[in-house]
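Asker:
Chains as they are written, first to last, in our numbering: chain A, 4 to 119; chain B, 80 to 193.
Below you can see the structure in the form of structure tokens.
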């Protein structure tokens with residue numbers, strides 16, 4: 004079974020609007036971390052935001068926020084006030100801290116295109 | 080602080096040849112990962128090191144791929160012999176396990192097998 008599922012191969016958003024990128028995960032590990040990375044066309048993986056499984060509040064980092072719904076096993080990324088520079092691939096990832104030997108598993112990604 | 084360094088950035092080889100990639104993680108990061116990212120897909124974990132020991136290599140095609148991390152710092156990933164389907168970007172990442180932080184990635188090595 005896939006540990007990380009990203010069902011949106013591509014998304015479009017108008018500049019200055021907000022967009023939500025979906026991510027669901029599957030684990031039986033009680034302790035895990037969820038991550039979002041951005042990969043521009045240049046290829047580097049840029050860390051955006053982290054949510055721990057025991058965190059009570061949703062993580063926020065500037066224009067990025069993570070909508071964490073533990074019971075539904077979802078960890079959607081919300082980008083507010085989209086900018087042209089946000090156009091990139093976005094990957095959701097999970098690290099299992101007990102059973103998973105701290106491996107970091109990635110989803111298939113969502114390509115976001117910001118329209119001027 | 081200096082980031083994760085990888086070399087070379089690009090490599091083109093013929094099938095059945097061998098190739099090696101090098102990674103220098105961020106200083107003090109005990110955990111090191113190697114990923115294979117085929118065009119249009121997400122990164123696939125190949126191997127994880129903790130210091131100089133292998134934690135997980137279950138996804139590493141051991142008939143042709145090998146990796147080592149001598150002295151718990153630099154790491155090399157080797158493919159011998161290469162196949163056409165090995166064409167991908169090979170990403171190295173490191174993490175400070177004690178701080179429980181995110182993994183930091185290098186810029187990757189783009190391998191083309193012709």
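Ideal placement from N, C-alpha and C gives every residue a C-beta, glycine not left out.
What are the start and end residues of the beta strand (DSSP E) that includes residue 143 of chain B?
Answerer: For the purposes of this step, residue 143 of chain B is taken as the residue at position 64 of the second chain. Here residue 143 of chain B belongs to no beta strand (DSSP E), and DSSP marks it neither H nor E.
Asker: Name the two residues that bound the continuous beta strand (DSSP E) containing residue 97 of chain A.
Answerer: As a first step, residue 97 of chain A is located in the first chain; it is residue number 94 there, counting from the start. That run of the beta strand (DSSP E) goes 91-99.
Asker: In three-state DSSP terms, what is residue 64 of chain A?
Answerer: As a first step, residue 64 of chain A must be located in the first chain, where it is residue number 61. Three-state result, residue 64 of chain A: strand.
Asker: Measure the beta-carbon distance from residue 189 of chain B to residue 114 of chain B and round it to whole angstroms, keeping in mind my assumption that it falls under 8 Å.
Answerer: Here the question's residue 189 of chain B lines up with position 110 in the second chain. Here the question's residue 114 of chain B lines up with position 35 in the second chain. Actually they do not touch by this definition, with Cβ atoms about 13 Å apart.
Asker: Given a cut-off of 8 Å, decide if residue 117 of chain A and residue 47 of chain A are closer than it, judged by their beta-carbon atoms.
Answerer: Here residue 47 of chain A refers to the residue found at position 44 of the first chain. Here residue 117 of chain A refers to the residue found at position 114 of the first chain. The answer is no: Cβ separation not under 8 Å.
Asker: Is the stretch 88-107 of chain B close to the stretch 28-39 of chain A, with three or more CB pairs under 8 Å?
Answerer: no
Asker: How many angstroms separate the CA atom of residue 25 of chain A from the CA atom of residue 9 of chain A?
Answerer: Counting from 1 along the first chain, the entry for residue 25 of chain A is found at position 22. Counting from 1 along the first chain, the entry for residue 9 of chain A is found at position 6. The straight-line gap from Cα to Cα measures roughly 6 Å.
Asker: Strictly under 8 Å for the Cβ-Cβ distance: is residue 13 of chain A near chain B by that measure?
Answerer: Locating residue 13 of chain A in the first chain gives position 10, counting from the first residue. Not one chain B Cβ lies under 8 Å of residue 13 of chain A.
Asker: Between the C-alpha atoms of residue 134 of chain B and residue 109 of chain B, what's the straight-line distance to the nearest angstrom?
Answerer: The count along the second chain starts at 1 and reaches residue 134 of chain B at position 55. The count along the second chain starts at 1 and reaches residue 109 of chain B at position 30. Their backbone Cα atoms lie some 12 Å apart in a straight line.
Asker: Does any CB atom of chain A fall closer than 8 Å to the CB of residue 124 of chain B?
Answerer: Translated into positions along the second chain, residue 124 of chain B becomes position 45. Closer than 8 Å: yes.
Asker: Which residue marks the beginning of the beta strand (DSSP E) containing residue 114 of chain B, and which one marks its end?
Answerer: For the purposes of this step, residue 114 of chain B is taken as residue 35 along the second chain, with counting starting at 1. Residues 110-116.
Asker: Just to confirm, does residue 119 of chain B get its C-beta within under 7 Å of one of the non-hydrogen atoms of the ligand ZN?
Answerer: Ligands are entirely absent from the displayed structure, and the ligand ZN is therefore not among its contents.
Asker: Taking DSSP as the reference, what is the three-state secondary structure of residue 73 of chain A?
Answerer: Here the question's residue 73 of chain A lines up with position 70 in the first chain. In the structure shown, residue 73 of chain A sits in coil (DSSP, three-state: anything other than H, G, I, E or B).
Asker: Could you check where the beta strand (DSSP E) with residue 135 of chain B kicks off and where it finishes?
Answerer: What you label residue 135 of chain B is simply residue 56 of the second chain in a count that begins at 1. Run containing residue 135 of chain B: 132-135, per the beta strand (DSSP E) assignment.
Asker: Taking the straight line between their C-alpha atoms, what separation do you get for residue 159 of chain B and residue 137 of chain B?
Answerer: For the purposes of this step, residue 159 of chain B is taken as the residue at position 80 of the second chain. For the purposes of this step, residue 137 of chain B is taken as the residue at position 58 of the second chain. Roughly 18 Å separates the two Cα atoms.
Asker: For chain B, check one thing: does any of its Cβ atoms lie closer than 8 Å to the Cβ of residue 62 of chain A?
Answerer: Residue 62 of chain A sits at position 59 when you count from the first residue of the first chain. Chain B, which has no Cβ nearer than 8 Å to the Cβ of residue 62 of chain A, makes this no.
Asker: DSSP three-state call for residue 119 of chain B: helix, strand or coil?
Answerer: The residue labelled residue 119 of chain B in the question sits at position 40 within the second chain. Correct three-state label for residue 119 of chain B: coil.
Asker: Check whether chain A comes within 8 Å of residue 148 of chain B, counting only Cβ atoms and requiring the distance to be less than that.
Answerer: Within the second chain, numbered from 1, the residue matching residue 148 of chain B stands at position 69. The beta carbon of residue 148 of chain B sits no closer than 8 Å to any beta carbon of chain A.
Asker: So which residues on chain B does residue 48 of chain A lean against when the C-beta distance must stay under 7 Å?
Answerer: Indexing the first chain from 1 puts residue 48 of chain A at position 45. In chain order: 170 and 184.
Asker: Strictly below 9 Å CB to CB, what residues from chain A border residue 134 of chain B?
Answerer: Working through the second chain from its first residue, we reach residue 134 of chain B at position 55. The contacting residues are 104, 105 and 106.
Asker: If contacts are defined as beta-carbon pairs under 8 Å, then residue 82 of chain B and residue 175 of chain B qualify, I think. What distance do you get, rounded to the angstrom?
Answerer: For this step, residue 82 of chain B is matched to residue 3 along the second chain. For this step, residue 175 of chain B is matched to residue 96 along the second chain. About 13 Å; that fails the 8 Å criterion.
Asker: How about residue 89 of chain B: is its C-beta nearer than 8 Å to some C-beta of chain A?
Answerer: Translated into positions along the second chain, residue 89 of chain B becomes position 10. Closer than 8 Å: no.
Asker: Can you say whether residue 51 of chain A is buried or exposed, counting buried as having 16 or more other CB atoms within 10 angstroms of its CB?
Answerer: Within the first chain, the letter at position 48 stands for residue 51 of chain A. Taking all protein chains in view, the Cβ of residue 51 of chain A is crowded by 16 or more other Cβ atoms within 10 Å, so the residue is classified as buried.
Asker: Please check the pair residue 187 of chain B and residue 85 of chain B, which I expect to be a contact at CB under 8 Å, by giving their CB distance rounded to whole angstroms.
Answerer: Looking up residue 187 of chain B in the second chain gives position 108. Looking up residue 85 of chain B in the second chain gives position 6. Rounded, the Cβ-Cβ distance is 6 Å, consistent with contact.
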